[in-house]
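Counting with the working numbering, you get residues 22 to 87 for the letters of the sequence shown. Where is the CB? At the ideal position from N, CA and C, for every residue including glycine. Quick caveat, the model's predicted, so the values are computed rather than measured.
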Amino acid sequence: YISVEAGFRSDGASGAVDIKGSRSWWIHDKVCEVPEFDDGSPITAWQAAQIISDLLAWESKMIKSP
């Protein structure tokens, strides 16, 4: 699990533009600031990319390369 506690504030850790209406960016920003699962195991960059990809797909959002 990855928990984002109430009141978590982020400046957009990655510098990427947030997608309007998506909650995935809260999780993405949390992972950028604290790259570990709730059990303390590390999250690799590949896992982080897969997590946001899966969340965006679940929300029916898409990111396309230019």
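- Taking all protein chains in view, the Cβ of Ser62 is surrounded by fewer than 16 other Cβ atoms within 10 Å, so the residue is classified as exposed.
- Counting the other CB atoms within 10 Å of its CB gives Ser74 a total below 16, which places it among the exposed residues.
- Rounded to the nearest whole angstrom, the CA to CA distance from Ile23 to Gly42 is 20 Å.
- Relative to Gln68, the option among Gly28, Val25, Val52 whose CA is nearest is Val52.
- Annotation for His49: Ile73 place their beta carbon closer than 6 Å to its own, counting only its chain and skipping 5 residues before and after.
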